[in-house]
């Protein structure tokens with residue numbers, strides 16, 4: 023019942039000079055709107071008093087028209103809901119909107135309806151491993167552990183106290199208070215060298231990648247991407263008209279020497295050094311220095327996506343590339359959505375000082391910023407220490423889940439799978455030693471409520487590994503053994 | 023005090039096998055972080071218990087290190103706030119981050135640091151008429167009239183009841199319930215022919231324009247834009263590498279015949295037919311039919327931005343272009359931010375059925391959707407009738423403000439200004455008969471807290487009119503006469 027808009031004034035043209043009487047004009051307008059499907063069954067209509075006021079006419083012709091519409095069964099009166107469009111109209115009478123649309127979509131089209139570059143994107147994403155919830159789904163967090171009470175209290179407080187300033191468009195870079203806390207967090211936790219002036223709040227890492235690509239890259243530029251690598255980053259560079267240069271990833275991360283061999287003059291490199299997506303390795307210190315050296319010598323940019331750096335379970339923390347870069351060649355990207363919850367849609371990009379104006383101008387043409395309230399709430403959530411506390415709790419939880427998953431994989435599948443990468447993040451990747459068809463297995467798995475993201479689809483060239491990316495963020499320890507047994511049966515069944 | 027992140031673990035590498043004792047490693051790590059500016063004065067540090075747990079060491083070395091840091095004045099204890107970085111550190115001791123940054127930003131750069139296409143955008147928007155609040159600011163609403171109580175109640179209710187589904191990424195097109203209510207609203211209020219399946223929720227009309235351009239246009243395509251027209255739409259088409267074809271606007275709206283003369287084969291037209299920005303005219307019925315006819319014959323697209331269609335103060339409502347288009351050539355764009363409040367960041371685009379997949383794929387590469395909670399709240403806000411009620415109240419208020427402004431302009435300035443456009447929207451445009459330098463006047467006005475958006479800057483070619491766009495959404499009736507007197511003095515002073 024909530025899915026229709028209540029009390030909306032339909033488009034009624036009233037002409038006082040027309041020979042047709044007013045009540046008839048009103049009657050005709052409603053009848054047409056109902057027959058054509060602009061008004062739908064059960065939709066509430068304005069009260070006669072409100073309609074008369076809206077149209078600037080006396081109530082009499084409105085009462086007259088409504089009376090006739092009620093009498094003929096177009097309207098009905100509902101106790102407590104006022105007057106609504108009748109729910110009992112015969113089907114053939116109310117041209118169903120869907121049928122109308124079907125007819126319309128058949129109309130002749132000029133050739134080449136959409137942009138050429140847009141056709142470079144994969145069609146609507148329907149891969150079963152990216153749909154909905156389920157064991158091993160990637161990018162999901164332990165929702166039941168979120169401190170919802172603290173969060174809602176902050177949301178309610180900020181919402182009640184909204185004023186002209188918070189209703190209005192905000193700062194081009196995002197809320198100042200949030201940028202200050204994020205800068206402080208990044209300096210402390212990730213060794214970034216940054217000030218609040220360099221932080222731009224964005225809707226998540228995807229927007230940050232899009233924005234960086236638009237500021238840094240022209241069509242025809244070449245970009246190093248990790249092989250295997252993150253599909254939505256590749257989609258961004260491809261739609262900018264850039265050429266992707268796949269650079270292999272080994273146990274030390276991106277193979278910089280190989281990248282230089284393949285295309286030294288690339289304009290940018292996109293990397294996930296903390297926890298490579300999808301293989302999960304951490305880029306070694308020497309590779310980091312090589313990459314920075316290449317960028318500096320070559321005048322290239324590094325886009326560092328530090329998407330789940332909050333969760334490392336090994337002893338030695340590794341400072342970000344941005345933190346050891348002396349030459350401001352790194353654009354640093356992070357997300358809050360992966361730490362708190364995805365529908366939050368907040369992330370940030372740390373911009374080299376000389377590029378700030380370009381980022382602002384480009385962002386402003388893309389959208390006019392993120393909603394204000396979540397920025398205010400998040401600033402307090404970080405500032406009051408809840409953020410750090412939540413990360414500490416989740417680090418313990420995810421470490422346990424990861425250990426349980428690794429133990430289960432070893433027990434059930436033994437040497438059939440190799441667990442890859444470092445102890446970090448909210449997913450791990452397994453390599454199938456028998457090189458079974460991971461896509462086919464993943465498709466079959468979805469009917470068993472298992473979300474297996476095949477490794478092979480993350481390669482641009484031929485996949486040198488087959489396997490799965492297994493998320494454990496929202497998979498409870500108790501569920502893990504059963505889910506791994508299902509996985510084993512699926513792999514054995516091929 | 024809130025502007026620093028609380029309780030964050032700094033990057034501390036602990037090496038049990040090193041000859042350096044643990045307490046000294048911890049002491050050195052903190053001291054370095056403070057000297058280098060990663061930790062800043064007044065920032066709260068972890069409790070000794072929490073740090074020991076994080077590092078996996080006993081509490082003794084931590085206590086030892088903290089004791090020394092306190093004794094040497096790096097830390098201080100604050101009642102109620104635990105241990106914080108000392109606020110009394112000598113300036114020269116803590117390398118100020120700003121100074122560090124300045125040094126870093128001076129490092130040598132490779133030539134041509136940013137993308138060529140990005141340089142087509144205007145530099146960071148600093149025009150005084152677009153900054154902050156003040157009389158006549160455009161795009162601002164009557165914040166004090168917003169039903170904040172109803173709204174916060176809905177926000178609080180939805181926030182408290184968040185669950186796995188609402189925490190997670192949503193539907194690619196936006197929340198289903200919201201799309202249903204928006205479709206129902208548009209069918210009724212704007213005569214659109216649309217179903218919820220065609221509605222995509224976006225962050226506002228700017229994102230909708232960006233998205234449409236990416237789906238429909240390739241570099242080198244020509245696009246009709248209104249002359250004068252909306253600067254942020256032009257920015258979008260320019261950064262896509264499109265050529266802008268300015269088509270003059272007269273009292274009937276876009277001059278279609280002139281557009282055909284200038285460049286018949288344009289791939290798309292961007293129009294604001296309900297309330298042309300900035301002149302305020304409403305496109306006549308015959309021009310609407312001409313435009314649709316041109317699009318159909320020519321295989322071109324029409325992007326209809328209906329940004330403030332909710333507010334018409336004249337008798338005859340005009341159905342949208344989308345509603346009278348039989349051939350699915352119209353992309354319809356609308357915004358909620360202009361009706362409720364700008365920092366809401368919600369709008370929608372109504373997509374022709376055959377293009378839905380393209381829009382979804384393109385959007386998914388740009389950002390992964392809008393935050394969930396405001397979508398849920400808005401669906402209820404519309405469904406429960408608050409939206410329609412708010413629009414009705416605001417229509418009365420804005421009509422009064424507009425009348426008061428027109429009366430004041432006539433009284434104070436008489437024939438010196440011509441009030442243009444139809445009775446609609448939240449701003450009107452005046453044409454200065456003496457063709458004074460509107461940009462210079464606007465710059466001087468800003469120091470008097472008057473936000474005058476000069477008309478001439480909205481032209482791509484030579485401005486055939488000088489004047490101002492005057493917003494009255496957030497300018498109370500009582501303020502209007504005084505603001506108009508200021509305006510008169512500024513105009514006379516030139």
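Protein chains in written order, with my numbering: chain P, 23 to 516; chain U, 23 to 516. A virtual CB, placed ideally from N, CA and C, is assigned to each residue, including glycine.
>> Applying the 10 Å Cβ sphere with the 16-neighbour rule, what's the burial state of residue 80/P?
In response: Sequence index remark: in the first chain, residue 80/P carries index 58 (1-based). That one is exposed.
> Along the chain, where does the beta strand (DSSP E) that runs through residue 97/P open and close?
Replying inline: For the purposes of this step, residue 97/P is taken as the residue at position 75 of the first chain. Unbroken beta strand (DSSP E) run through residue 97/P: 97-100.
> With 16 other CB atoms within 10 Å as the buried threshold, where does residue 319/U fall?
Replying inline: Residue mapping note: residue 319/U aligns to position 297 of the second chain, counting from 1. Residue burial is scored here from C-beta neighbours: residue 319/U has fewer than 16 other C-beta atoms within 10 angstroms and is therefore classed as exposed.
> Under 8 Å Cβ-Cβ, which residues of chain U neighbour residue 264/P?
Replying inline: Indexing the first chain from 1 puts residue 264/P at position 242. Chain U residues near residue 264/P: none, gap ~10 Å exceeds 8 Å.
>> Considering just the uninterrupted stretch of the alpha helix (DSSP H) at residue 248/U, what are its terminal residues?
In response: The residue you call residue 248/U lines up with position 226 of the second chain. Residue 248/U -> not in any alpha helix (DSSP H); beta strand (DSSP E) instead, spanning 244-249.
> Cα separation between residue 331/U and residue 367/P?
Replying inline: In the second chain, counting from the first residue as 1, residue 331/U sits at position 309. In the first chain, counting from the first residue as 1, residue 367/P sits at position 345. If you draw a straight line from the Cα of residue 331/U to the Cα of residue 367/P, it is about 29 Å long.
> Who does residue 354/P pair with in a DSSP beta bridge?
Replying inline: Along the first chain, read from residue 1 onward, the residue named residue 354/P stands at position 332. Paired residues: 326/P, 372/P.
>> For a contact defined as C-beta to C-beta under 9 Å, what are the partners of residue 292/P on chain U?
In response: The count along the first chain starts at 1 and reaches residue 292/P at position 270. Under the 9 Å cutoff, chain U gives no residues; its nearest Cβ is about 14 Å from residue 292/P.
> In the region 356-387 of chain P, which residues sit with their C-beta less than 7 Å from some C-beta in chain U, listed in chain order?
Replying inline: Answer in chain order: 363, 364, 365, 366, 367, 375, 376, 377, 379, 380, 382, 383, 384, 386, 387.
> Would residue 360/P be called buried (16 or more neighbouring beta carbons within 10 Å of its own) or exposed?
Replying inline: Here residue 360/P refers to the residue found at position 338 of the first chain. Flag for residue 360/P reads buried.
> What does a CB cutoff of less than 6 Å around residue 447/U pick up in its chain, not counting 5 residues either side in sequence?
Replying inline: Your numbering for residue 447/U matches position 425 in the second chain. Excluding residues within five positions, the ones whose Cβ falls inside 6 Å are 297, 330, 333.
> Could you give the C-beta distance for residue 442/U and residue 452/U, rounded to a whole number, given that I count them as a contact under 8 Å?
Replying inline: Counting from one through the second chain, the residue named residue 442/U turns up at place 420. Counting from one through the second chain, the residue named residue 452/U turns up at place 430. With a Cβ gap of about 7 Å, residue 442/U and residue 452/U count as contacting.
> If we ignore side chains and look at the alpha-carbon of each, how far apart do residue 300/U and residue 326/U end up?
Replying inline: On the second chain, residue 300/U is found 278 positions in, with the first residue counted as 1. On the second chain, residue 326/U is found 304 positions in, with the first residue counted as 1. If you draw a straight line from the Cα of residue 300/U to the Cα of residue 326/U, it is about 15 Å long.
> Would residue 213/U count as contacting chain P if we go by Cβ distances under 8 Å?
Replying inline: The count along the second chain starts at 1 and reaches residue 213/U at position 191. Chain P contact via Cβ: present.
> Can you tell me where the beta strand (DSSP E) with residue 268/U in it begins and where it stops?
Replying inline: Stepping through the second chain from its first residue, residue 268/U is reached at position 246. Looking at the DSSP string, the run of the beta strand (DSSP E) that includes residue 268/U is 265-272.
> Shorter than 8 Å from the beta carbon of residue 136/P to some beta carbon of chain U?
Replying inline: If you number the first chain from 1, residue 136/P lands on position 114. Interface residue, yes.
> In angstroms, rounded to a whole number, what distance separates the CA positions of residue 130/U and residue 166/P?
Replying inline: For this step, residue 130/U is matched to residue 108 along the second chain. For this step, residue 166/P is matched to residue 144 along the first chain. Interpretation of residue 130/U is limited by its pLDDT of 46, a score under 50 that renders its predicted location unreliable; the figure taken from the coordinates is listed afterwards. Residue 130/U and residue 166/P: Cα-Cα distance of roughly 49 Å.
> Around the C-beta of residue 242/P, are 16 or more other C-beta atoms found within 10 angstroms, so that it is buried, or is it exposed?
Replying inline: On the first chain, residue 242/P is found 220 positions in, with the first residue counted as 1. With fewer than 16 other Cβ atoms within 10 Å, it is exposed.
> Within 10 angstroms of its Cβ, does residue 256/P collect 16 or more other Cβ (buried), or is it exposed?
Replying inline: What you label residue 256/P is simply residue 234 of the first chain in a count that begins at 1. Buried.
>> Need the endpoints of the alpha helix (DSSP H) that residue 442/P sits in, please.
In response: As a working mapping, residue 442/P is identified with position 420 in the first chain. Counted as a single uninterrupted DSSP element, the stretch harbouring residue 442/P is not any alpha helix (DSSP H) but the beta strand (DSSP E) occupying residues 439-442.
> Is it right to say residue 418/P is buried, meaning 16 or more other beta carbons lie within 10 angstroms of its own, or is it exposed?
Replying inline: Position 396 of the first chain, counted from the start, is the residue given in the question as residue 418/P. Burial call: exposed.
> What residues in its chain sit with their C-beta under 6 Å from that of residue 480/U, if we drop five residues either side in the sequence?
Replying inline: On the second chain, residue 480/U is found 458 positions in, with the first residue counted as 1. If we look at residue 480/U and ignore the five residues flanking it on each side, its Cβ neighbours are 250, 300.
>> To the nearest angstrom, how far is the alpha carbon of residue 205/U from that of residue 397/U?
In response: By 1-based counting over the second chain, the position of residue 205/U is 183. By 1-based counting over the second chain, the position of residue 397/U is 375. For residue 205/U and residue 397/U, the distance between alpha carbons rounds to 14 Å.
>> I'd like to know whether the C-beta of residue 178/U is nearer than 8 Å to at least one C-beta of chain P.
In response: What you label residue 178/U is simply residue 156 of the second chain in a count that begins at 1. Taking 8 Å as the CB threshold, residue 178/U lines the interface with chain P.
>> Using beta carbons (cut-off 8 Å, strictly below), is residue 281/P in contact with chain U?
In response: For the purposes of this step, residue 281/P is identified with residue 259 of the first chain, where counting begins at 1. Output row for residue 281/P: interface = no.
>> I need the DSSP call for residue 416/U, collapsed to helix, strand or coil.
In response: Counted from its first residue, the second chain places residue 416/U at position 394. Three-state DSSP puts residue 416/U in a helix.
> So which residues of chain U does residue 521/P contact, with C-beta pairs closer than 8 Å?
Replying inline: There is no way to answer for residue 521/P, as the model of chain P reaches only from 23 to 516.
> Cα separation between residue 21/P and residue 305/P?
Replying inline: No answer is possible for residue 21/P: the residues shown for chain P start at 23 and end at 516.
> the region 429-453 of chain P: which residues have C-beta closer than 7 Å to a C-beta of chain U, in chain order?
Replying inline: Sequence-ordered contacts of the region 429-453 of chain P with chain U are nonexistent [C-beta pairs closer than 7 Å].
> If you scan the region 38-101 of chain P from start to end, which runs of the beta strand (DSSP E) of 3 or more residues do you find wholly inside it?
Replying inline: Whole beta strand (DSSP E) segments, 3+ residues: 97-100.
> Since residue 26/P and residue 64/P are thought to touch, with beta carbons under 8 Å apart, how far apart are those beta carbons, to the nearest angstrom?
Replying inline: In the first chain, counting from the first residue as 1, residue 26/P sits at position 4. In the first chain, counting from the first residue as 1, residue 64/P sits at position 42. The Cβ separation is near 6 Å, so the contact holds.
> CA-CA distance, residue 185/P and residue 154/U?
Replying inline: Stepping through the first chain from its first residue, residue 185/P is reached at position 163. Stepping through the second chain from its first residue, residue 154/U is reached at position 132. Rounded to whole angstroms, the separation of the alpha carbons of residue 154/U and residue 185/P is 14 Å.
> Residues of chain U with CB under 9 Å from residue 258/P, in chain order?
Replying inline: One-based indexing of the first chain puts residue 258/P at position 236. Taking a Cβ-Cβ cut-off of 9 Å, the neighbours of residue 258/P in chain U comprise 387, 388, given in sequence order.
>> Please identify the residue among 499/U, 87/U, 407/U, 312/U whose C-alpha is closest to the C-alpha of residue 72/P.
In response: Start at 1 with the first residue of the first chain, and residue 72/P comes out as number 50. Residue 407/U holds the alpha-carbon nearest to the alpha-carbon of residue 72/P among 499/U, 87/U, 407/U, 312/U.
> So, is the C-beta of residue 188/P closer than 8 Å to a C-beta in chain U?
Replying inline: Residue 188/P sits at position 166 when you count from the first residue of the first chain. In terms of beta-carbon proximity, residue 188/P lines the interface with chain U, with at least one pair separated by less than 8 Å.
> With distances taken from CA atoms, which of 189/P, 100/P, 159/P is nearest residue 170/U?
Replying inline: Residue numbering aside, residue 170/U sits at position 148 when the second chain is read from its first letter. Among 189/P, 100/P, 159/P, the Cα nearest to that of residue 170/U belongs to 189/P.
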